[in-house]
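I have placed the structure first, in the form of structure tokens, so that the comments after it can refer back to it.
There are 4 protein chains.
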Amino acid sequence: MKPTDMNVFEKLESEVRSYCRSFPTVFSKAIGSKMWDESGKEYIDFFAGAGALNYGHNDPIMKSKLVDYILDDGITHSLDMASTAKGQFLETFNETILKPRNLNYKIMFPGPTGTNTVESALKLARKATGRTDIISFTNGFHGMTIGALSVTGNSFKRKGAGIPLHNVVTMPYDSFVHDKLDTLEYLERFLEDRGSGVAIPAAMILETVQGEGGINAASYEWLQRIERICKRWGILLIIDDVQAGVGRTGTFFSFEKAGITPDIVCISKSIGGYGLPLALTLIQPELDIWAPGEHNGTFRGNNHAFVTATAALSYWENPKFEASISKKSEKTKAFLEKLIADYPEIKGHFRGRGLMVGVCSEVEGFASKVAAEAFERGLIMETSGPEDEVFKLFPALTIEDELLEKGFSIIEESVKAVVGQKEAIAN
Amino acid sequence: MKPTDMNVFEKLESEVRSYCRSFPTVFSKAIGSKMWDESGKEYIDFFAGAGALNYGHNDPIMKSKLVDYILDDGITHSLDMASTAKGQFLETFNETILKPRNLNYKIMFPGPTGTNTVESALKLARKATGRTDIISFTNGFHGMTIGALSVTGNSFKRKGAGIPLHNVVTMPYDSFVHDKLDTLEYLERFLEDRGSGVAIPAAMILETVQGEGGINAASYEWLQRIERICKRWGILLIIDDVQAGVGRTGTFFSFEKAGITPDIVCISKSIGGYGLPLALTLIQPELDIWAPGEHNGTFRGNNHAFVTATAALSYWENPKFEASISKKSEKTKAFLEKLIADYPEIKGHFRGRGLMVGVCSEVEGFASKVAAEAFERGLIMETSGPEDEVFKLFPALTIEDELLEKGFSIIEESVKAVVGQKEAIAN
Amino acid sequence: MKPTDMNVFEKLESEVRSYCRSFPTVFSKAIGSKMWDESGKEYIDFFAGAGALNYGHNDPIMKSKLVDYILDDGITHSLDMASTAKGQFLETFNETILKPRNLNYKIMFPGPTGTNTVESALKLARKATGRTDIISFTNGFHGMTIGALSVTGNSFKRKGAGIPLHNVVTMPYDSFVHDKLDTLEYLERFLEDRGSGVAIPAAMILETVQGEGGINAASYEWLQRIERICKRWGILLIIDDVQAGVGRTGTFFSFEKAGITPDIVCISKSIGGYGLPLALTLIQPELDIWAPGEHNGTFRGNNHAFVTATAALSYWENPKFEASISKKSEKTKAFLEKLIADYPEIKGHFRGRGLMVGVCSEVEGFASKVAAEAFERGLIMETSGPEDEVFKLFPALTIEDELLEKGFSIIEESVKAVVGQKEAIAN
Amino acid sequence: MKPTDMNVFEKLESEVRSYCRSFPTVFSKAIGSKMWDESGKEYIDFFAGAGALNYGHNDPIMKSKLVDYILDDGITHSLDMASTAKGQFLETFNETILKPRNLNYKIMFPGPTGTNTVESALKLARKATGRTDIISFTNGFHGMTIGALSVTGNSFKRKGAGIPLHNVVTMPYDSFVHDKLDTLEYLERFLEDRGSGVAIPAAMILETVQGEGGINAASYEWLQRIERICKRWGILLIIDDVQAGVGRTGTFFSFEKAGITPDIVCISKSIGGYGLPLALTLIQPELDIWAPGEHNGTFRGNNHAFVTATAALSYWENPKFEASISKKSEKTKAFLEKLIADYPEIKGHFRGRGLMVGVCSEVEGFASKVAAEAFERGLIMETSGPEDEVFKLFPALTIEDELLEKGFSIIEESVKAVVGQKEAIAN
């Protein structure tokens, strides 16, 4: 097979393309935490499809189940008709995930992407409360369609709407102003004061750790107070667990350790297990007041993804899985904290939770340079934050220790290289 | 394997589920235009995933390519990084579809669903023109996220938003008021008169045949005049070919025979070939003014779908394919016209174009009853229109003649049964 | 007293000023239908404060009552406290206007301007129905604040908002497309079809004769059908009688001869009688569900205007008043029709009803030139319509016959002058 | 003359009426700071038309000028044509107010009410910057039409809109959370962080002392920082001086002592001097980019009000006027502080600046009871704040010392009475 001409993307694909600019090569193969480009060059993947590949690439068990399913002519596309694959997923998800956590949610398939689940959650919250406003949080990221974009903080993305975005009030996320300032005192004053200009909203929507907004982790205490405030004012709590969920922060749902129970949970990305499009909206049963077909979508039942999603859930049957994530998380945190200490000139700050971590550098442009250097050295890693000020470590939860450490080495070398350039220039 | 309990859907899935209510059985297998439920009962599929399965279920060539790709550990998920599968799709689409039609579009992957492509088209039209309003048409259907929903006509779906929908003006589609009334005279008066309250919009968005809105087909002349009006006023023309495209009306794009060239084309549903989530936004090169990443989405690069989409395009290399669709379309139209003539009591009217056809019955509730009877007899068919007044024939483009005719028989029997019930009741 | 320097306006007043540009002199005195500038030049007023001076300038009876009131230290400003002057106005309005017409309205003082009454009407209609949308009509004009502007058709005024205007659907006014086309057939199709994208609105708002939009008069039959459509769908009917009301079209309310009963009526301009700021919102009693103070405003009770308004209502006690308006209207219409016939080159069309009339000329720029020539000759007259294509005759209802005819002569001379210029240029 | 039946208001006036409920009598006469009802009962006015009667009722010099003007048949109504009265006002305002304060503003007449000037200011700010959002502040009050209401904080008033209010972000006013918390640190973080969800707005709009929102006075330092923040980000600063302006806080403009220069100033209420409707929008010359007639209104030129406004400005020619306000302000503050100290059970806090002051009581319902008791004793006074928790002293700036002190006595008696009731109930 002749190699793909990189020009084909420039010539034929829209200017909107982005990751292929940061990682300018043509990928052809991937297993676990490794990817290969067409020239055979190997890369360690610390990106994991921005959280869509928590189980790594092409997991062999899922792969086998998927191939069998295809060979057997299992239903591929069926909108939201009942199918065997969907039935199995529903039961397995209930048995493996919901029941053991004492959670009782109705499951909605809102279309197979993160923005679909967010849109469905906002609609339902408005319908259930009869209110129009949503409280979102600074640096929250929820999607690119107009409803989800309206609750997204990033000004570049918001401008892309081409219209003013409405029915949303942005409140300060944990530590937004600075670490000492209690942002919830502000929020609650706005709710309490009937002259504040802020109406009691239908819902609050938030990520427990903000993936695109700079890997900001809200403290458990902050999350618990958010839940109490929601309860006090009859506001629905929507946790957008699209990026932080499915184990990324150490537990299946990112909010488990905070001990809170959201009214609605948005899930996508890694829920399909294999990187196939799938999304869920989890709904407290009493809120499940949808009329049939009130929200729909052609690909809301992606049976291939049901097959791999069901297989993926078996990871969660064994408590060792969570333990292994925890161990890797500690190792990663320790590495990053040492890195920050060893290279004070990068003015770095640790960010995140579990395997959703990064380093925020106060040095302008630093994070992007490190990511670029890392790519040269065979490591894929992206940046985050409104100014791309964070380099973001998102290894698969299943990454082998050896690869994880090899990744660390590349990062350290990359940091060294960027620091060195500066010194070279300075001298 | 034990059969799936139908209760699992009632117990665990949200009340929003819909098709599983019309087709109350658990499907497990499908090949071409046949589906089987878990009990082994066979169904003829005249529904085709609402247009997502134009090549039928589990096409053997696509299937084989997909399985090989998976077994080779080809890239599954890669956001919008360059991949071999994506490169091949881009080139093939350009060579097989665009070039032979003298079309020159940049290709955007906006997220894998119809609503994603519509949202991206609206954003881009607003950015490119600096205007905010969009003209949509009565009974247009464009998706369920807030941006796409705002240009969708159906009042039940619109109410689901829970907020007023803005930045849109709905104009009458071809023959909306009645056949004699020229709806474009109205539309153009609104544009001409600077006191009309209707600003020159960023774009008009429309389907050439309205799939959800009642299988209304706009005449070629009407479409040509729409294009001229858009040109006159500097309005971008967006054709939403999500349901009518990819051969459904007889040609790859539904607008080919009208001889028009939209500024932006929205494609999804059958573009993946195999029923896998994929969507394209086709953009006139001079309008491709996106900044990198200004619109994005986790599943915008679904490599499995690229593989099957590329395989599916080979159908279009041979002109016989279009000829065969044409033949089936004529046969279907002839059948429906005879049916309408033979059963005057159903007060039926033929609707549609190509294999996107139906019968609108003036008898309240008739279409739904026929579809229900047909299901009993082993045929899957849905209804359309604001009052579900149309029963809709959407066979795969690849359906065997024998199955097509068998389907016709079932429909006629179903009509007879419903008519008979009425007579029985009347007597 | 030294004459006012015209430069003071250029130097100190905002660029937004407009009429002082069309009528570039400093006015100092006015009685009845005559105005004088500081140099003593006399003008006949065919403008009447755009409908705010239906009884002419400085009516002697009102003047005397007002001066007495002021000299007696009657309450001037009292927000909406009860005052003697307000009590008298309420009773007189009820006795003289409402009762004899079998009308039963609660009276609201929404702030003293037309836009205030429109805003209050829209709010109340939304509150009473729980719906958000309003149907307005092409070339309707309802005011400059955001709520009223959203239902105003003129694109130049709309752009002035600086934001997209929402919650409104513009429908075609009577004869909008052309005389043969029934615009209500169109409107009603949108309401009937649940896929039309147009929701049942809270209200329709319209003028029976459009003052700013081109002196378009809706036929009585059209208004009656509008009322029936509103009743059929439970839509409130708001008549904006700010410009057409208070006798301008021949009866106190402009809708009397159509035999309709609006749910809400907006009144301002001439209601104060003397040209003092005052506005009323008339509300069917069962719709008067305001909470106290839910809408308010500092000048909602302008007692000076109550005094003159009460005096002005005495005109309506004598049926001869309506008869005299009718006679003047006929005379004016006859004059304009002859003018149109005598000067075919102006391609003129008669527009309007009562003393709210004008000539629409198809010749670009003609109306403005005639108005400018008339000003030179001592007649004040303005233009109307989205392209200023209409010259507008708005004499006081009380104008003396002699002055009316003198005004006609000036207009004819002005027309002759403009036509002559053209010919001169053509030769 | 027979007395007015109070029932006429109940029977004929809309339920929206409010002050006539708090002050249930029919007023007929007023001079200076005294009002009389029809029964001849005398009241001291500590309300001053909510700030529209800063010079008291029926000032004899203004009265004489107005009567002369009317008797001379001076122009009453002239839209925005040039008139002698308007020319004199423009010159006098420039000479007496602007020049001595080194201010250079173009003067716009936006319609004669507060909400008109606010709407015009918002439109112009949006036009001048090309941005759509406005930052307003908690408990700000700017008017009842949709544009002004959108920047008003009060939830009861906002709900009255019947539609979601858009294009506004509410930020915390000085001391909103509590005295120790710096609200501008919070505000500026939102502007700095490009992921905050808050775009750089067209303008900030605020009152220096919030009249309706609870007589909250922003510190001069806070106002100066607001101005610096606006300059830093290119945001226009709009001061709404409708209630706090024209001397109410001690200087003509309320912002003089803070040393700031707003880009746009909204003026109404007392500018007319005599309580007649008039409003100004003051605009930095370089921002005066209106097209002629882009904003208009029938009563934007109220010549009677020009006459009295011009006369009223003569108060400002003598520096003793400001000195006298200052003396009265000190006296009033001293009285209120003593009252608070003497009656600790009312848990009172002093609020305000100049003669725009009040007492906020933490005891629920207390302020309303005091106002009711005061009315019984012949003093007119209103309440303020989102929960009516403040009783508000708004005497005319021209009030005689004797009346001021008599008013204080009535207030103290009223406080005593309310405290006594409680004790009586408690015992």
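As given, the protein sequences belong to chains A, B, C and D, one line each in that order.
Quick note on numbering: the first sequence equals residues 1 to 427 in full-length UniProt numbering.
Quick note on numbering: the second sequence equals residues 1 to 427 in full-length UniProt numbering.
Quick note on numbering: the third sequence equals residues 1 to 427 in full-length UniProt numbering.
Quick note on numbering: the fourth sequence equals residues 1 to 427 in full-length UniProt numbering.
Note that beta-carbon positions come from the ideal geometry of N, C-alpha and C, so glycine has one too.
Since this is a predicted model, take the numbers as computed values, not measurements.
What residues in its chain sit with their C-beta under 7 Å from that of residue i, if we drop five residues either side in the sequence?
| i | result |
| --- | --- |
| Gly354 (chain C) | Arg248, Thr249, Gly250, Ile325, Ser329 |
| Ser150 (chain A) | Leu165, His166, Asn167, Val168 |
| Leu403 (chain D) | Ser33, Ile44 |
Indicate the three-state DSSP secondary structure (helix, strand or coil) for residue i in the structure shown.
| i | result |
| --- | --- |
| Thr4 (chain A) | coil |
| Asn154 (chain A) | coil |
| Phe23 (chain A) | coil |
| residue 430 (chain C) | Look at the range of chain C in this structure, 1 to 427, and you will see that residue 430 (chain C) is not part of it. |
| residue 438 (chain D) | Because chain D in this structure spans residues 1 to 427, residue 438 (chain D) falls outside the shown range and cannot be described. |
| Met62 (chain B) | helix |
| Glu256 (chain A) | coil |
| Gly162 (chain C) | coil |
| Val418 (chain A) | helix |
| Gln243 (chain C) | coil |
| Gln210 (chain D) | strand |
Within a Cβ cutoff of 8 Å, which residues of the same chain sit near residue i, ignoring the five residues on either side of it in sequence?
| i | result |
| --- | --- |
| Ile289 (chain B) | Leu124, Lys127, Ala128 |
| Ile410 (chain D) | Ile44, Ala374, Arg377, Gly378, Leu379 |
| Ile146 (chain C) | Ala161, Ile163, Leu165 |
Does any C-beta atom of chain C lie closer than 8 Å to the C-beta of residue i?
| i | result |
| --- | --- |
| Phe253 (chain D) | no |
| Val359 (chain B) | no |
| residue 483 (chain B) | Because chain B is modelled from 1 through 427, residue 483 (chain B) falls outside the range shown and cannot be assessed. |
| Pro277 (chain D) | yes |
| Ile70 (chain D) | yes |
Could you name the residues of the same chain whose beta carbon sits closer than 6 Å to that of residue i, not counting the 5 residues immediately before and after it, in chain order?
| i | result |
| --- | --- |
| Val198 (chain B) | Val169, Phe190 |
| Ala417 (chain C) | Glu373 |
Is residue i close to chain D, meaning its C-beta is less than 8 Å from at least one C-beta of that chain?
| i | result |
| --- | --- |
| Lys29 (chain C) | yes |
| Pro292 (chain C) | yes |
Terminal residues of the continuous alpha helix (DSSP H) containing residue i?
| i | result |
| --- | --- |
| Ser120 (chain D) | 114-129 |
| Trp233 (chain B) | 220-233 |
| Ser368 (chain C) | 366-376 |
Counting only beta-carbon atoms, is residue i nearer than 8 Å to chain A?
| i | result |
| --- | --- |
| Ser368 (chain D) | no |
| Gly420 (chain B) | no |
| Met6 (chain B) | yes |
| Gly153 (chain D) | yes |
If I follow the unbroken beta strand (DSSP E) through residue i, where does it start and stop?
| i | result |
| --- | --- |
| Leu236 (chain C) | 236-240 |
* Taking only beta carbons into account, state which residues of the stretch 385-416 of chain B come closer than 8 Å to chain C, listed in chain order. => Gly385, Pro386, Glu387
* Can you list, in chain order, the residues of the stretch 193-206 of chain B whose Cβ is nearer than 8 Å to any Cβ on chain C? -> Asp193, Arg194, Gly195, Ser196, Gly197, Val198, Ala199
* Quick one: which residues of the stretch 78-109 of chain D get their C-beta closer than 7 Å to a C-beta of chain C? List them in chain order. => Ser78, Leu79, Asp80, Met81, Ala82, Ser83, Thr84, Gly87, Leu90, Glu91, Asn94, Lys106, Ile107, Met108
* To do: Please name the residues in the stretch 110-142 of chain C whose beta-carbon is closer than 9 Å to at least one beta-carbon of chain B, in chain order.
  => Thr132, Asp133, Ser136, Phe137, Thr138, Asn139, Gly140, Phe141
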